[in-house]
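The opening position of the sequence shown corresponds to residue 13 in my numbering, with each subsequent residue numbered one higher. Notes follow the structure.
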Amino acid sequence: MNSSNFMGSQKFKNRLLKMFKNKKFNMVILATLIVGIIIGGGLRLGYNQMLKHQRDTLAYNVSFGNKDIGIVRNKEAVTSIVKSIEEELSSDYNIEVVINQSFKFEKVHAEENELTKLIKVENNIKSKLTYNVVAYGIEVKGNTLALLKTEKLANKLLEEIKKPYIEMANEEGAKLKEVKIVEDVDIVKREVPFSKVEKYDEVLKYIRKGTTEEKTHVVKKGESFWSIAHKYNITVEDLIKANIDKDSEIIQPGDKLSLVVPKPFLTVATYEEKKYIEKVPYETKYEKTASLYNDELRVKRSGTPGKKEVVAKVEKQNGIEVAKEILKQTLISQPVAQIKIKGTKEPPPTIGTGRFMRPTSGRLTSRYGPRWGGFHYGVDLASRIGTPIKAADGGVVTFAGWKSSYGYMVEIDHGGGFKTRYAHCSKIYVKKGERVYKDKTIAAVGNTGRSTGPHVHFEVLKYDKNKNPYSYIGKKYR
13 MNSSNFMGSQ KFKNRLLKMF KNKKFNMVIL ATLIVGIIIG GGLRLGYNQM LKHQRDTLAY
73 NVSFGNKDIG IVRNKEAVTS IVKSIEEELS SDYNIEVVIN QSFKFEKVHA EENELTKLIK
133 VENNIKSKLT YNVVAYGIEV KGNTLALLKT EKLANKLLEE IKKPYIEMAN EEGAKLKEVK
193 IVEDVDIVKR EVPFSKVEKY DEVLKYIRKG TTEEKTHVVK KGESFWSIAH KYNITVEDLI
253 KANIDKDSEI IQPGDKLSLV VPKPFLTVAT YEEKKYIEKV PYETKYEKTA SLYNDELRVK
313 RSGTPGKKEV VAKVEKQNGI EVAKEILKQT LISQPVAQIK IKGTKEPPPT IGTGRFMRPT
373 SGRLTSRYGP RWGGFHYGVD LASRIGTPIK AADGGVVTFA GWKSSYGYMV EIDHGGGFKT
433 RYAHCSKIYV KKGERVYKDK TIAAVGNTGR STGPHVHFEV LKYDKNKNPY SYIGKKYR
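Structure follows, in structure tokens:
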């Protein structure tokens, strides 16, 4: 450092010392500092007060869609109001209600007198809200069968669906091993409009009824319209309507019947162990006799079925048996064989002889002519059910089957304009178009149709006009 610079610096220091020793200067400096402190403090205080005011006036403008609900100090006020409304609606409808809470909250600043009163906020929400209820759907493969108020009701309904089949098993004396719904059923919680929630009793009826489906049933031996209708849980009337081309009184094994059967939306499977008595079929033995024609058979001794106790495992679906496994069989009694005798004698020609015979044994119970305010077009010959009915003469069978009030009936054309009829039969042994000879067994005495007891109603017709049979029996008619 050169001497001139040093000297300049020293002079500056001396001036500063002289200034600080000056009292007036010091007072100016002190005043400046105090003013600075006061101004700085005031600014800070104002800033803090501004922040406090902003915090104290913070509020929310609440809207729902494009509609204003009001201004509130905090969001919790709206949440509390919504919860209160939900509880009120849930109580009114007796079901859990869920309000659509798509509210928008926009920050604003508002004084106390600018806030919306909570009662008005509540009324505004009520006037603009939309809501659903909590329901429980019974679903199968994603399809909702019904919506109920509670999960408890949904479970109760599924148990109620099983109940009739449990009772059926108990009534039949079966040991119920298991009962279940075949389909995979889910109970799913849903939020839906209240109008979609269904009444329990109506849902139960709807699911049980289900829809209908078409089936074909192949008739088995011993079945009737009644037994088939009972098996499929339909009425005989509905079965007849579905098979108008069939005679409900005459069905044969192998016949096919159309069925329109109920198909519930849910399938209840029961697995049962059943104990029951079953008949053991008897065999039939044959003997020959020259006293009968070779196309005739007579029962010499009736067969008697045996009995056995069967224990079986049975699977049913909606009350209809679909599978059976025999677990045990115990023989109770042996069957007794049936014995039939078959004729060996050559039958006479199937042409009319021109002389009628009495068609069956038995007493005359009603004559030809006026009867009970009407007219009786034949004679009634009473006999036990099953007694053979013979052809009064040879001819061609023109009718064999059910005919209204006649019941089961056979009609034979003997030629020359003569016909005979045999009504109220229990069985028919001939068919239409068959040629028969005189004295051939064509049917058995019965009590079918409009009948007051076992008998054969016998008619003789000439050119389709009824004649008194006793004017022709045993006499030459052509």
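C-beta atoms are modelled at their ideal positions from N, C-alpha and C, and glycine is treated no differently.
Beta-carbon gap between residue i and residue j smaller than 7 Å
i: T282; j: A181; result: yes
i: G406; j: T362; result: yes
i: I351; j: K439; result: no
i: N144; j: V204; result: yes
i: K336; j: V326; result: yes
i: V409; j: E446; result: yes
i: P317; j: Y294; result: yes
i: I353; j: R310; result: yes
i: G355; j: L271; result: no
i: D198; j: E151; result: yes
i: V107; j: K187; result: Sequence inspection shows Ile at residue 107; the Val mentioned does not correspond to that position. The answer is no: Cβ separation not under 7 Å.
Burial state of residue i, where buried means 16 or more other Cβ atoms lie within 10 Å
i: T372; result: buried
i: K450; result: buried
i: H469; result: buried
i: F76; result: buried
i: G429; result: exposed
i: H436; result: buried
i: F368; result: buried
i: S395; result: buried
i: T224; result: exposed
i: T399; result: buried
For residue i, three-class secondary structure by DSSP
i: W414; result: strand
i: S75; result: strand
i: L141; result: coil
i: T69; result: helix
i: T432; result: strand
i: M369; result: coil
i: T91; result: helix
i: A321; result: First, the residue type needs correcting, since residue 321 is Glu and not Ala in the sequence shown. Looking at E321 - three-state DSSP - the assignment turns out to be strand.
i: Y305; result: strand
i: F206; result: helix
i: N86; result: coil
i: V442; result: coil
Neighbourhood of residue i by C-beta distance below 6 Å, restricted to the same chain and skipping five residues each side
i: T432; result: A404, I424, V472
i: L251; result: F237, A241
i: V194; result: T279, A281
Close Cβ partners of residue i (< 8 Å) along its chain, the five nearest in sequence each way excluded
i: I397; result: S438, A456, V457, G458, N459, P466
Reference residue i, options the options, closest by Cα
i: Y475; options: D257, A71, H426; result: H426
i: Y177; options: A166, K189, K129; result: K189
i: F387; options: K129, S345, G315, N478; result: N478
i: K243; options: P481, D213, N78, P274; result: P274
i: F568; options: K140, L130, K138, I81; result: Only positions 13 to 490 of the chain appear in the structure, and residue 568 is not among them; the question remains open.
i: Q329; options: Y218, I173, D267; result: I173
i: D504; options: T356, N480, A324, Y105; result: As shown, the chain starts at 13 and ends at 490. That puts residue 504 outside it, with no answer to give.
i: R313; options: A349, L343, E290; result: A349
i: D213; options: L170, V197, S483; result: L170
Residues of its chain near residue i, where Cβ-Cβ distance is below 7 Å and the 5 sequence neighbours each way are ignored
i: Y288; result: V322
i: E126; result: I83
Heavy atom of the ligand SAH within 6 Å of residue i beta-carbon
i: G154; result: Judged by which ligands are present, the structure shown has none, so any question about the ligand SAH falls away.
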